[in-house]
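In my numbering, the protein residues as written are 79 to 140.
The beta carbon of each residue, even a glycine, is placed where N, CA and C say it ideally should be.
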């Protein structure tokens, strides 16, 4: 779980304040660990119009 992408995601989700609880060493390990699982998605194809379109549009925060 000590991966840079997960730490970045968690820190950037904060709206007004982010508090990291834990050891400095663990945060340092996460920052240095850039090797995460590669994600495979069809987002690029969908945005370019090459993939299937979703049937239902989702609204967030309504």
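Check                                                                                                        : Outcome
Return the CA-CA distance between residue 81 and residue 120, expressed in angstroms with no decimal places. : 23 Å
Which residues bound the alpha helix (DSSP H) around residue 83?                                             : 82–90
Against chain D, with Cβ distances strictly below 8 Å, would residue 110 count as a contact?                 : As a matter of chain content, chain D is missing from the structure shown, which is built from one protein chain.
With DSSP run on the structure shown, which of helix, strand or coil describes residue 94?                   : coil
Cβ of residue 112 within 8 Å of Cβ of residue 85?                                                            : no
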